[in-house]
Amino acid sequence: MDPRELGLAQARPIQDAANLPISELELRIQELPPPDQVVRIADLGAVAEAAAKFLVERGREVIMCPFTFSSQPSEPMRLWEPNPLLARYVDAAQAGNAIDLACGTGRDAIFLASAGWRVTAVDVLEDALERGKLSASRLLGDAASRIEWICADVSTVAIPKVDLATIFFFLDRDLVRRAVTALRPGGTLLLETFTPTHRAAKGKPRNPGLVLSTSDAQDLVGHTSSLEIEEGWHGDRHTIRVSAKI
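Sequential numbering of the sequence shown, starting at 1, is according to the UniProt record's numbering.
Okay, structure coming up:
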């Protein structure tokens, strides 16, 4: 991570570094790597130390790294990764129309748009969507127009016909059923959420209705032409990942 202000980072870019100015860290905290990963900061002296202090105070592990200045202008790059289930799917799929339900700050929607998809990103939190729009503009440039951001309650929002629907860590069974119904022939639902095993080990989520077992997932998605389900620990979370093709 290059914590310098944008003008300095553009004037003298650092090789293989994403620019995340210290003045914008709080607003762009969603652009950091996952919480279980170390944040690597270019050892730029005082500005790097200030960025490290900010992150450590928020529970992040950081290390200072040597760096190399580049003679070439740097392209926008990201520190975070999309949902692994989505990343695998996009690697093998042809771009189409997608909807990301309960998208939060929209990282998966941004990833889809970067791969050529047209995306509807829906969340009830306006602040999260505004952060997503800013991230999309910085990372995608003109391609940010591939994303339509909708502030709405996903439990009631109209779902258009799509080739791909994603629901990650927001379990609403009626929403899942509506998403499956909205898929075009050959379309796919990708779902990841917590399991009873996670709740037993961690005590969360408190509501037992917010976890999903393999048998529940099979019943929930109904008839499909292809159904792949995997359960397991991913870091400190025990989750179920579902890929259902209609």
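Glycine residues also receive a C-beta, built at the ideal position from the N, C-alpha and C atoms. Only a predicted model underlies this, so the values are computations on that prediction, with no experimental measurement involved.
Assigned secondary structure, residue i (DSSP; H/G/I helix, E/B strand, else coil)
i	result
ALA102	coil
ARG4	coil
PHE170	coil
GLY132	helix
LEU210	helix
ARG88	helix
ALA221	Note that residue 221 is Val in the sequence shown, not Ala. Helix at VAL221.
ARG237	strand
GLY232	strand
ARG177	helix
LEU25	coil
LEU139	helix
ASP216	helix
Residue from the options whose Cα sits closest to the Cα of residue i
i	options	result
SER155	GLY132, ALA102, THR193 and LYS202	ALA102
PRO13	VAL242, GLN37, SER71 and GLY45	SER71
MET77	ALA136, GLU57 and GLY7	ALA136
PRO208	ARG199, ALA17, THR214 and LEU112	ARG199
GLY132	LEU190, PRO35, GLU31 and GLN94	GLU31
GLU75	LEU139, ILE41, CYS151 and ALA115	LEU139
ASP219	ALA113, PRO3 and VAL176	VAL176
GLU61	ALA46, ASP172 and ILE41	ILE41
residue 283	GLY187, PRO196 and ARG237	Since the first and last residues shown for the chain are 1 and 246, residue 283 lies out of range.
GLY222	VAL242, GLY203, LYS204 and HIS238	VAL242
Residue i: first and last residue of the uninterrupted beta strand (DSSP E) it sits in
i	result
PHE67	No beta strand (DSSP E) contains PHE67, which DSSP labels as neither H nor E.
ARG40	39-42
The alpha helix (DSSP H) enclosing residue i, as first and last residue numbers
i	result
ALA51	46-56
ALA109	107-114
Residues that residue i bridges to, as DSSP identifies them
i	result
THR120	ILE99 and GLU148
ALA244	LEU189 and LEU227
residue 296	The chain is shown only over 1 to 246; residue 296 falls outside these bounds and no answer can be derived.
HIS198	Its beta-bridge partners do not exist; DSSP assigns none.
residue 254	Residue 254 cannot be examined here, being either before or after the span of the chain that is shown, 1 to 246.
residue 247	With the chain covering only 1 through 246, there is no way to say anything about residue 247.
ILE14	PHE69
Okay, do the region 98-114 and the region 162-180 touch, 3+ Cβ pairs below 8 Å being the bar? yes
Taking contact to mean at least 3 C-beta pairs separated by less than 8 Å, is the region 155-162 in contact with the region 177-187? yes
Decide if the region 204-218 is in contact with the region 228-235; the criterion is three or more beta carbon pairs, one per stretch, under 8 Å apart. yes
Does the contact criterion of 3 or more C-beta pairs under 8 Å hold for the region 59-73 versus the region 84-91? no
Would the region 17-30 and the region 48-66 be scored as touching if the rule is three or more Cβ pairs under 8 Å? yes
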